[in-house]
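Participant: I am attaching a structure below and will ask some questions about it afterwards.
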Amino acid sequence: MEFESVIGLEVHVQLKTKSKAFCSCPNEFGRQPNTNVCPTCLGMPGALPVLNEMVAKMAVRAGLAINCDIQNRSVFSRKNYFYPDMPKNYQITQFEFPVCLGGHMDLIQNKKRIGITRIHIEEDAGKLVHQGAEGVSGSTGSLVDLNRASVPLIEIVSEPDFRTAAEAREYFEMLHEIVMYIGVCDGNLEEGSLRCDANVSLRPVGQKEFGTRAEVKNLNSFRSVERAIQHEIKRQKLILLDGGTVVQETRHFDDATQTTHSLRGKADAHDYRYFPEPDLIPLVLSDAQIDEERQAMPELPLAKRKRYSSELGLSDFEVKVIIGDMDMNTYFEKANELLVTAKLSVTAKETAKWIVGDFNSFLKETSDDFGNTKVSPEELLSLLSLKEQGKISGKIAKDVLKQMIETGKTAKSIVDASGSTQISDEGALQSIVDDVLAANQAVVEKIKNGKTAAAGFLMGQVMKESKGRAKPDVVKDMILKSILG
Amino acid sequence: MSNDTTFKTAIESHKAIQNGDITAVSLAEETFKTIDSSDKSIKGFLSLMKEQALETAQEVDDKVKNGETLPTLAGVPIAVKDNMNVLGTKTTCGSNYLKNFESPYDATVITKLKQNKLVMVGKTNMDEFAMGSSTENSAFFSTKNPWDLTRAPGGSSGGSAAVVGAGQLPLSLGSDTGGSIRQPASFCGICGLKPTYGRVSRYGLVAFASSLDQIGPFTRTAEDAAHLMNVISGHDPMDATSLQDHVALGSTKQKNLSSQAVEDFTSNLNNDINGLKIGVPKELLGDAIDSGVKEKIQDMLSWFEKQGATWEEISIDSFNYAIPAYYILAPAEASSNLARYDGVRYGHREGNESSLRDMYKNARGNGFGAEVKRRIVLGTYVLSSGYYDAYYIKAQKVRTVIKQEFEQTFAKYDIVLTPTSPTPPFKLGENVDDPLAMYLSDIATASANLAGCPALSIPCGFSDGLPVGAQFIGPNFSESKLLNIAHIYQQSTGFHKETPVR
Numbered sequence: 000m001e002f003e004s005v006i007g008l009e010v011h012v013q014l015k016t017k018s019k020a021f022c023s024c025p026n027e028f029g030r031q032p033n034t035n036v037c038p039t040c041l042g043m044p045g046a047l048p049v050l051n052e053m054v055a056k057m058a059v060r061a062g063l064a065i066n067c068d069i070q071n072r073s074v075f076s077r078k079n080y081f082y083p084d085m086p087k088n089y090q091i092t093q094f095e096f097p098v099c100l101g102g103h104m105d106l107i108q109n110k111k112r113i114g115i116t117r118i119h120i121e122e123d124a125g126k127l128v129h130q131g132a133e134g135v136s137g138s139t140g141s142l143v144d145l146n147r148a149s150v151p152l153i154e155i156v157s158e159p160d161f162r163t164a165a166e167a168r169e170y171f172e173m174l175h176e177i178v179m180y181i182g183v184c185d186g187n188l189e190e191g192s193l194r195c196d197a198n199v200s201l202r203p204v205g206q207k208e209f210g211t212r213a214e215v216k217n218l219n220s221f222r223s224v225e226r227a228i229q230h231e232i233k234r235q236k237l238i239l240l241d242g243g244t245v246v247q248e249t250r251h252f253d254d255a256t257q258t259t260h261s262l263r264g265k266a267d268a269h270d271y272r273y274f275p276e277p278d279l280i281p282l283v284l285s286d287a288q289i290d291e292e293r294q295a296m297p298e299l300p301l302a303k304r305k306r307y308s309s310e311l312g313l314s315d316f317e318v319k320v321i322i323g324d325m326d327m328n329t330y331f332e333k334a335n336e337l338l339v340t341a342k343l344s345v346t347a348k349e350t351a352k353w354i355v356g357d358f359n360s361f362l363k364e365t366s367d368d369f370g371n372t373k374v375s376p377e378e379l380l381s382l383l384s385l386k387e388q389g390k391i392s393g394k395i396a397k398d399v400l401k402q403m404i405e406t407g408k409t410a411k412s413i414v415d416a417s418g419s420t421q422i423s424d425e426g427a428l429q430s431i432v433d434d435v436l437a438a439n440q441a442v443v444e445k446i447k448n449g450k451t452a453a454a455g456f457l458m459g460q461v462m463k464e465s466k467g468r469a470k471p472d473v474v475k476d477m478i479l480k481s482i483l484g
Numbered sequence: 000m001s002n003d004t005t006f007k008t009a010i011e012s013h014k015a016i017q018n019g020d021i022t023a024v025s026l027a028e029e030t031f032k033t034i035d036s037s038d039k040s041i042k043g044f045l046s047l048m049k050e051q052a053l054e055t056a057q058e059v060d061d062k063v064k065n066g067e068t069l070p071t072l073a074g075v076p077i078a079v080k081d082n083m084n085v086l087g088t089k090t091t092c093g094s095n096y097l098k099n100f101e102s103p104y105d106a107t108v109i110t111k112l113k114q115n116k117l118v119m120v121g122k123t124n125m126d127e128f129a130m131g132s133s134t135e136n137s138a139f140f141s142t143k144n145p146w147d148l149t150r151a152p153g154g155s156s157g158g159s160a161a162v163v164g165a166g167q168l169p170l171s172l173g174s175d176t177g178g179s180i181r182q183p184a185s186f187c188g189i190c191g192l193k194p195t196y197g198r199v200s201r202y203g204l205v206a207f208a209s210s211l212d213q214i215g216p217f218t219r220t221a222e223d224a225a226h227l228m229n230v231i232s233g234h235d236p237m238d239a240t241s242l243q244d245h246v247a248l249g250s251t252k253q254k255n256l257s258s259q260a261v262e263d264f265t266s267n268l269n270n271d272i273n274g275l276k277i278g279v280p281k282e283l284l285g286d287a288i289d290s291g292v293k294e295k296i297q298d299m300l301s302w303f304e305k306q307g308a309t310w311e312e313i314s315i316d317s318f319n320y321a322i323p324a325y326y327i328l329a330p331a332e333a334s335s336n337l338a339r340y341d342g343v344r345y346g347h348r349e350g351n352e353s354s355l356r357d358m359y360k361n362a363r364g365n366g367f368g369a370e371v372k373r374r375i376v377l378g379t380y381v382l383s384s385g386y387y388d389a390y391y392i393k394a395q396k397v398r399t400v401i402k403q404e405f406e407q408t409f410a411k412y413d414i415v416l417t418p419t420s421p422t423p424p425f426k427l428g429e430n431v432d433d434p435l436a437m438y439l440s441d442i443a444t445a446s447a448n449l450a451g452c453p454a455l456s457i458p459c460g461f462s463d464g465l466p467v468g469a470q471f472i473g474p475n476f477s478e479s480k481l482l483n484i485a486h487i488y489q490q491s492t493g494f495h496k497e498t499p500v501r
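Protein sequence lines correspond, in order, to chains F and W.
Each step along the first sequence adds one to the number in numbering that gives the first Met the number 0, with nothing skipped, and position 451 is 450.
Each step along the second sequence adds one to the number in numbering that gives the first Met the number 0, with nothing skipped, and position 34 is 33.
Below, the structure is given as structure tokens:
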């Protein structure tokens with residue numbers, strides 16, 4: 000029997016607001032445990048939540064970016080269950096009336112439109128640190144760190160529109176890119192800034208009703224989304240082919256074994272006892288407020304891609320690399336803006352080539368990145384201008400760039416100090432040319448006999464003698480003139 | 000009596016301090032002396048803050064010496080219900096679970112008391128987590144009614160009501176979720192006001208039922224209540240349900256104040272009440288109401304007639320559903336609000352458990368008393384899937400109808416007048432084994448919480464030597480009007496001046 004897989008994703012996106020969702024504690028990581036806390040996010044008796052406006056703004060921006068219907072009125076609810084990393088033993092979330100409904104996103108490679116069911120706002124929980132073991136089993140005790148408690152999240156719920164693991168992966172990748180580019184998430188997958196739950200079920204091809212689904216929780220890399228779904232499809236298929244039935248349950252994906260295993264079944268499913276959060280008033284957004292967010296929307300990655308390839312003439316590879324690294328992208332955008340305003344003869348294409356190529360690899364060597372490099376876009380452009388004006392060769396430009404990265408000095412000061420500007424003055428070069436010709440009479444003869452291509456060897460010698468400073472086309476002219484008259 | 004500071008009003012004491020007739024320190028010392036002698040029998044306090052109180056009193060006296068004008072009620076002793084957080088002091092909520100809990104922050108009302116230099120003398124006894132109507136649900140001890148020590152002071156703010164009723168001090172704060180200020184005010188023969196929902200910040204008030212809880216004053220006089228409201232009310236950015244400051248329509252000062260200004264609750268105290276229209280729900284004059292109570296309410300209505308006010312018997316059908324709806328909504332919210340008491344971060348933790356489940360079980364099972372557990376079970380049940388629509392949603396609909404019926408009533412009448420409690424103070428122990436009978440003592444009060452509107456209780460006479468209270472309910476933001484009516488009543492009657500024999 001042939002099966003069709005039906006997959007839906009729920010993606011939790013950690014918002015990069017300055018403060019937490021319902022109190023004024025900084026939304027920051029890496030501090031000592033339980034220092035980033037206050038009565039509200041600690042769940043102290045009597046403390047109350049107040050919504051951080053930026054959370055609402057970012058949720059709206061995310062909704063607009065994936066074509067959602069922004070709701071003028073949404074309501075916060077309490078999701079009740081006990082867990083030691085949750086200070087109040089309920090999570091403030093949105094249930095019946097979320098902030099966004101009904102959007103969609105178009106997959107580029109898989110050429111498919113994926114429906115978005117809803118986006119809702121919620122708060123994160125803290126973290127448990129188990130002592131003496133990886134997990135709770137075998138540990139001697141568990142400590143609670145509430146620095147992350149009440150950090151704002153949005154949950155983006157898709158329709159069950161995916162049919163393959165690859166589609167799901169592409170969606171997660173695109174969503175990752177979008178939330179980073181619209182400035183609502185830092186996109187740091189290792190730190191869990193985006194986490195994905197996948198609902199997977201199988202049904203015989205042609206059947207309309209969905210099969211029983213299993214939910215795989217907490218996938219935090221592109222690869223694990225793809226692998227977990229692949230494994231889940233395989234697992235369910237084997238069960239069904241064997242005449243068995245899939246159990247509705249929550250499963251965990253083990254990165255080490257690349258398999259999923261059961262966390263809890265339907266019988267253990269929580270009854271969350273949702274009800275409207277009485278400590279918060281409904282979130283009311285006027286059309287004007289929603290419009291304001293629409294006006295402030297930065298260029299989305301899809302539009303950026305189109306512009307880079309059709310307007311700036313970047314190669315597919317360059318587009319991919321420049322969009323894939325936010326810091327590099329910011330750097331490139333700045334440089335591109337500068338070269339337009341300063342009317343430089345350096346092209347965007349040339350700039351992109353350097354940024355994606357040598358600049359990028361030099362930075363990797365020094366473990367720097369485009370966010371913290373000592374070389375400002377202005378300085379990169381003045382280097383490229385020197386090259387464009389013929390003052391330095393491409394090879395020298397590379398060396399100079401390397402020094403700029405290491406020392407933070409300007410292109411001009413490095414070039415001036417090393418005397419490495421190109422020599423185009425024939426008077427200064429004549430003696431070197433004469434010496435090279437005298438030492439290579441055999442080659443000179445070949446040229447005299449019409450093999451002008453052999454001049455390349457002589458040019459190389461002159462360049463070597465001049466330590467790369469001779470301007471190549473000047474040298475070529477001089478060699479040919481000296482031999483052929 | 001006039002030289003006895005204990006039964007002086009707050010504003011009299013404040014003026015005496017400002018004028019230099021007495022010092023705040025001497026008043027505080029005398030208050031502690033009174034508490035020392037009389038609280039042995041009343042048992043209203045859970046803890047005292049002598050050192051802090053004397054420090055504040057000294058600051059007030061220094062200001063007077065420097066010729067400074069004191070803020071409202073500065074220097075006056077006040078007691079606070081033990082469910083409001085005061086930085087660095089215990090906040091127990093009358094619960095074993097929080098027996099040793101020390102507050103890491105100040106509630107907004109406490110910040111306001113401190114800013115105004117009121118002298119906070121201690122924290123008062125209460126039903127555990129404000130659940131109860133007699134203060135017998137305190138995990139520590141029962142408070143006694145100052146008029147008859149064998150009787151309950153009411154609840155849940157019984158401690159705060161009893162200490163004012165006993166004349167230990169002129170002011171206290173309570174909280175009212177279904178009648179927890181008004182019913183004990185009635186039982187202890189004093190004035191208690193539940194403000195409009197959102198008028199006083201709930202930040203730092205340990206939640207029982209968030210959509211119903213409201214902090215308010217206990218005083219002997221309506222005038223003192225107006226002054227204390229000036230101190231504690233106002234918009235608070237820390238409480239999302241806090242209302243923007245509001246000047247009630249008809250306020251004489253409205254024209255002089257910007258819309259953001261805080262209302263002066265004393266400005267209307269002396270307004271004429273001639274022409275006042277009063278609605279008296281027949282639902283609250285029926286057989287469920289004690290005849291002695293009904294008689295005093297009738298006396299008060301006759302007094303109103305003499306003042307040129309009119310009253311009519313009306314019917315507010317939804318009053319009959321207020322208690323059932325209240326006992327679904329309040330426990331539902333409570334079951335969630337009290338979930339944080341899990342033994343993880345603070346509170347009761349036995350520490351000898353080998354599993355998380357056992358830790359929760361011991362923390363909550365042994366930390367909470369029977370009534371709290373009863374309501375958590377009730378609330379958890381009504382929110383459970385399959386029951387939510389039948390109970391919670393239905394109760395919310397009743398709540399909406401109650402609001403609408405109040406609105407319709409207030410289109411015709413200025414206030415609704417009822418007995419505050421169906422009975423005079425009952426005997427301690429009388430209702431402890433009958434939760435339903437206990438719940439019914441909120442019958443006249445709970446609807447104001449469900450509707451959100453302000454309501455006040457003042458003494459209107461005595462039945463067999465026990466105080467009887469009358470409740471005025473008004474539309475949202477009508478505190479000023481309620482206080483005005485109560486003040487005029489107190490100008491020509493003497494019930495609020497009666498004191499229990501000590």
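C-beta: ideal position from N, C-alpha, C; glycine also.
Going by CA-CA distance only, name the one from F:274, F:237, F:37 and F:326 that's closest to residue 74 of chain F.
Facilitator: The residue given as residue 74 of chain F occupies position 75 in the first sequence. With distances taken between Cα atoms, residue 74 of chain F lies closest to F:274.
Participant: Looking at residue 235 of chain W: is its Cβ nearer than 8 Å to the Cβ of residue 91 of chain W?
Facilitator: Walking along the second sequence from the start, residue 235 of chain W turns up at place 236. Walking along the second sequence from the start, residue 91 of chain W turns up at place 92. Result no, Cβ atoms of residue 235 of chain W and residue 91 of chain W do not sit closer than 8 Å.
Participant: Grab the span of the beta strand (DSSP E) containing residue 78 of chain W for me, first residue to last.
Facilitator: Translated into the one-based positions of the second sequence, residue 78 of chain W becomes position 79. Run containing residue 78 of chain W: 76 to 80, per the beta strand (DSSP E) assignment.
Participant: By how many angstroms is the C-alpha of residue 238 of chain W removed from the C-alpha of residue 61 of chain W?
Facilitator: The residue you call residue 61 of chain W lines up with position 62 of the second sequence. The residue you call residue 238 of chain W lines up with position 239 of the second sequence. Whole-angstrom Cα-Cα distance: 34 Å.
Participant: Write down every uninterrupted run of the alpha helix (DSSP H) in the segment 10 to 87 of chain F whose length is 4 residues or greater and which is fully enclosed by it, in chain order.
Facilitator: Runs of the alpha helix (DSSP H) inside the segment 10 to 87 of chain F: 52 to 64.
Participant: Using a C-beta cutoff of 8 Å, does residue 128 of chain F count as contacting chain W?
Facilitator: As a position in the first sequence, residue 128 of chain F is number 129, starting the count at 1. For residue 128 of chain F, the answer is no, since every Cβ of chain W falls outside 8 Å of its Cβ.
Participant: Find the residues of chain W that neighbour residue 42 of chain F, judging by a C-beta separation of less than 8 Å, and give them in chain order.
Facilitator: Numbered from 1 along the first sequence, position 43 holds the residue referred to as residue 42 of chain F. The answer, in chain order, is 339 and 344.
Participant: Run down chain W in chain order and give the residues with a C-beta less than 7 Å from the C-beta of residue 86 of chain F.
Facilitator: Position 87 of the first sequence, counted from the start, is the residue given in the question as residue 86 of chain F. Result: 339 and 344.
Participant: Looking only at its chain, what residues have a beta carbon closer than 8 Å to the beta carbon of residue 106 of chain F, apart from the 5 residues adjacent to it on each side?
Facilitator: Position 107 of the first sequence, counted from the start, is the residue given in the question as residue 106 of chain F. Excluding sequence neighbours, residue 106 of chain F sits near 112, 113, 166, 169, 170 and 173.
Participant: Measuring alpha carbon to alpha carbon, tell me which residue in W:272, W:398, W:312 and W:65 is nearest residue 491 of chain W.
Facilitator: One-based indexing of the second sequence puts residue 491 of chain W at position 492. Closest option to residue 491 of chain W, Cα to Cα, is W:272.
Participant: Going by other Cβ atoms of all chains shown within 10 Å of its Cβ, with 16 needed for buried, is residue 139 of chain F buried or exposed?
Facilitator: Counting from one through the first sequence, the residue named residue 139 of chain F turns up at place 140. The residue is exposed, with fewer than 16 neighbouring Cβ atoms inside 10 Å.
Participant: Just to confirm my understanding: we take residue 295 of chain F, look at its own chain, exclude 5 residues before and 5 after, and list those with CB closer than 8 Å. What are they?
Facilitator: Here residue 295 of chain F refers to the residue found at position 296 of the first sequence. If we look at residue 295 of chain F and ignore the five residues flanking it on each side, its Cβ neighbours are 60.
Participant: Buried or exposed: where does residue 201 of chain W fall if 16 or more other Cβ atoms within 10 Å of its Cβ makes it buried?
Facilitator: Indexing the second sequence from 1 puts residue 201 of chain W at position 202. So residue 201 of chain W ends up on the buried side.
Participant: In this structure, what does DSSP give as the bridge partners for residue 414 of chain W?
Facilitator: The residue labelled residue 414 of chain W in the question sits at position 415 within the second sequence. In the DSSP output, where bridge partners are listed per residue, residue 414 of chain W has W:277.
Participant: For residue 340 of chain W, count neighbouring C-beta atoms within 10 Å of its own C-beta (all shown protein chains included) and say buried if the count is 16 or more, exposed if not.
Facilitator: Here residue 340 of chain W corresponds to residue number 341 of the second sequence, with the count starting at 1. Per the 10 Å Cβ criterion, buried.
Participant: Is it true that the segment 394 to 407 of chain W meets the segment 297 to 312 of chain F, where meeting means three or more beta-carbon pairs spaced less than 8 Å apart?
Facilitator: no
Participant: Check whether the Cβ of residue 438 of chain W lies closer than 8 Å to any Cβ atom in chain F.
Facilitator: Looking up residue 438 of chain W in the second sequence gives position 439. Closer than 8 Å: no.
Participant: Using Cβ-Cβ distances below 9 Å, what residues of the segment 135 to 160 of chain F are close to chain W?
Facilitator: 135, 141, 143 and 145
Participant: Is there at least one Cβ from chain W nearer than 8 Å to residue 262 of chain F's Cβ?
Facilitator: On the first sequence, residue 262 of chain F is found 263 positions in, with the first residue counted as 1. With 8 Å as the cut-off, residue 262 of chain F does not count as an interface residue toward chain W.
Participant: Would you decide whether residue 0 of chain F is buried or exposed? Buried here means 16 or more other CB atoms lie within 10 Å of its CB.
Facilitator: Against the first sequence, residue 0 of chain F aligns to sequence position 1. Looking at its Cβ environment, which holds fewer than 16 other Cβ atoms inside 10 Å, residue 0 of chain F is exposed.
Participant: Measuring only between beta-carbons, confirm whether residue 233 of chain W sits less than 8 Å from chain F.
Facilitator: Your numbering for residue 233 of chain W matches position 234 in the second sequence. No - not a single Cβ of chain F is within 8 Å of the one on residue 233 of chain W.
Participant: Hey, how far is the Cα of residue 294 of chain W from the Cα of residue 442 of chain W?
Facilitator: Position 295 of the second sequence, counted from the start, is the residue given in the question as residue 294 of chain W. Position 443 of the second sequence, counted from the start, is the residue given in the question as residue 442 of chain W. Roughly 18 Å between the two C-alpha positions.
Participant: Just the C-alpha distance for residue 355 of chain W and residue 153 of chain F, rounded to the nearest angstrom, thanks.
Facilitator: Position 356 of the second sequence holds residue 355 of chain W. Position 154 of the first sequence holds residue 153 of chain F. Residue 355 of chain W and residue 153 of chain F: Cα-Cα distance of roughly 29 Å.
Participant: Would you decide whether residue 80 of chain F is buried or exposed? Buried here means 16 or more other CB atoms lie within 10 Å of its CB.
Facilitator: Within the first sequence, numbered from 1, the residue matching residue 80 of chain F stands at position 81. Residue 80 of chain F comes out exposed.
Participant: If I measure Cβ to Cβ from residue 350 of chain F and keep anything under 6 Å in the same chain, skipping five residues before and after, which residues do I get?
Facilitator: Looking up residue 350 of chain F in the first sequence gives position 351. 334.
Participant: Hey, is residue 383 of chain W's beta-carbon within less than 8 Å of any beta-carbon in chain F?
Facilitator: Numbered from 1 along the second sequence, position 384 holds the residue referred to as residue 383 of chain W. Closer than 8 Å to some Cβ of chain F, the Cβ of residue 383 of chain W qualifies, so yes.
Participant: For residue 449 of chain F, which three-state DSSP category applies?
Facilitator: Start at 1 with the first residue of the first sequence, and residue 449 of chain F comes out as number 450. Three-state DSSP puts residue 449 of chain F in coil, outside helix and strand.
Participant: Hey, how far is the Cα of residue 123 of chain W from the Cα of residue 65 of chain F?
Facilitator: The residue given as residue 123 of chain W occupies position 124 in the second sequence. The residue given as residue 65 of chain F occupies position 66 in the first sequence. Roughly 55 Å between the two C-alpha positions.
Participant: Using the beta-carbon count (16 or more within 10 Å), is residue 121 of chain F buried or exposed?
Facilitator: Stepping through the first sequence from its first residue, residue 121 of chain F is reached at position 122. Buried, because 16 or more other Cβ atoms sit within 10 Å of the Cβ of residue 121 of chain F.
Participant: Taking the C-alpha atoms as reference points, what is the distance between residue 358 of chain F and residue 364 of chain F?
Facilitator: Taking the first residue of the first sequence as 1, we reach residue 358 of chain F at position 359. Taking the first residue of the first sequence as 1, we reach residue 364 of chain F at position 365. Between residue 358 of chain F and residue 364 of chain F, the alpha-carbon positions lie close to 10 Å from each other.
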